[in-house]
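Here this note's numbering is used: position 175 in the sequence shown is 175, and no number is missing along the way.
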Amino acid sequence: MRGLRRIGGGLPSGKKLDCCQKVRQARGVLLVYLSICALLPDAIFTASAHVRVTSNEDVNDTYNDLKEDLPIFEPTAANVSAFVGQTAYLPCRVRNLGDKVVSWMRSKDLHILTSGNFSFSSDARFGPQHTPGSDAWTLRLDNARKTDSGKYECQVNTEPKIMYAVQLSVRDPDKPEGYDEPHSQQTRISYESTAPVADIMGPREQRVPSGSTITLRCVILSPYQTRPIRGVQWLRDNKLLTFQAARGGINVETEKGAARTVSVLTLASVTQDDVGNYSCRPTEGRSATVSLVVEEGERTEAMQRDAGYVSSGSDVRHWPGLLLPFSWFLILARNSQTFLL
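What follows is the structure, given as structure tokens:
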């Protein structure tokens with residue numbers, strides 16, 4: 001029986017070894033490619049899980065936060081009256097002042113009278129009146145004259161500059177005997193600008209996790225009074241907290257001073273029952289209010305946060321990432337020329 005004849009006489013041993021090496025190289029490349037394909041979707045999903053989808057609401061919230069941080073004027077008396085010889089107080093209150101400076105300018109001659117806590121006028125009758133930590137930047141004018149009547153501007157050196165105008169009217173005495181005590185007319189007309197004012201430190205809406213302890217610090221400034229205020233009341237939704245003693249875990253500490261009173265409210269182990277508007281109300285003057293929001297722990301927060309994230313590792317948007325290792329594979333395979341003997 002005739003044996004089968006080998007066609008072509010086979011491959012030389014050198015070429016056989018070369019082909020074997022190329023096959024092993026191709027198999028190695030294929031193994032690397034399959035490994036990359038197996039790991040890449042998880043890597044893409046992990047990276048995408050850290051990329052939050054930015055919405056219009058996020059942009060608006062950021063804009064509103066920046067807007068809330070800008071200095072703004074609070075409403076005060078825009079018209080002040082005084083009699084000749086009295087001391088006149090021109091009110092100006094600025095919230096969120098930050099590193100900016102408040103100045104007073106006389107409009108008729110554009111003369112800067114005060115800047116911060118310093119006086120820039122050669123007329124010693126003009127001077128600033130400010131209590132550290134207060135939003136009030138008052139211009140004081142001693143021994144008022146009729147020629148002092150006119151418009152005065154409270155300015156903040158923002159870009160662009162903002163200003164609040166106060167009109168001063170100085171009149172000749174036209175009153176019965178005994179009605180000559182200082183500040184009487186001005187105090188009666190613009191009591192709102194000189195009465196004690198409360199301010200609760202921190203944001204207007206305070207968020208805390210359920211079960212935690214929150215402390216609300218209220219500062220009441222009364223620079224125009226020579227005695228401390230009579231007292232401070234804390235309310236939740238316009239109801240006195242003293243009437244809610246059954247809750248427990250409520251503590252109020254108040255420290256009184258002639259021009260400054262500090263009252264601190266502490267709530268322990270807050271729950272959803274504590275949600276509401278909390279007000280610090282001095283016995284005389286203007287109160288302050290903040291909103292308390294109790295969040296249900298880290299789990300709820302994480303679930304809400306994940307709602308805005310890419311949540312599927314098999315999303316078709318991930319497939320373009322597979323093209324890179326596949327391209328590497330084709331280039332290396334081409335250099336190997338063949339996969340089989």
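No residue lacks a Cβ here, since even glycine has one placed at the ideal position from N, Cα and C.
On a predicted model such as this, the values are computed, not experimentally measured, just so you know.
Secondary structure of residue 199 (DSSP, three-state): strand. Each of 249, 106, 255 and 210 was checked against the Cα of residue 232, and the nearest Cα belongs to 255. Contact between the region 91-101 and the region 141-156 is present: three or more C-beta pairs spanning the two stretches fall below 8 Å. In this structure residue 127 touches residue 140 by the C-beta definition: roughly 5 Å separates them, less than 8 Å.
The DSSP-derived three-state label of residue 70 is coil.
In the structure shown, residue 158 falls within a coil segment according to DSSP collapsed to helix, strand and coil. For residue 162, the CB contacts under 6 Å within the same chain, skipping 5 residues up- and downstream, are 156 in chain order.
In this chain, the beta strand (DSSP E) harbouring residue 112 covers 111-115.
Sequence-distant partners of residue 69 (beyond 5 residues in either direction) whose C-beta falls short of 6 Å from its own C-beta, in its chain, are 96. Put simply, the backbone Cα of residue 206 is about 29 Å away from that of residue 258. Under the three-state reduction of DSSP, residue 171 is assigned to strand. Leaving aside the five residues that flank residue 120 on each side, the residues in its chain whose CB is nearer than 7 Å to its CB run, in chain order, 112, 113 and 114.
For residue 71, the closest C-alpha among the options 117, 164 and 149 is that of 164. Close CB contacts of residue 280 within its chain, under the 7 Å cut and outside five residues either way in sequence, are with 198, 200, 218, 232, 234, 263, 287 and 288 (chain order). Secondary-structure assignment with DSSP links residue 296 through no beta bridge to anything. Secondary structure at residue 272: helix, using DSSP grouped into helix, strand and coil. Assignment of residue 145 by DSSP, reduced to helix, strand and coil, places it in the coil class.
With a cutoff of 9 Å on beta-carbon distance, residue 221 and residue 241 are scored as not near each other.
Distance from the CA of residue 247 to the CA of residue 293, rounded to the nearest whole angstrom, comes to 17 Å. Residue 230 places its beta carbon 9 Å or farther from that of residue 147. Its chain contains 205 and 277 as the residues whose beta carbon lies nearer than 6 Å to that of residue 291, once the 5 sequence neighbours on both sides are disregarded; these appear in chain order. A residue is called buried once 16 or more other Cβ atoms fall within 10 Å of its Cβ, and residue 86 is buried on that count.
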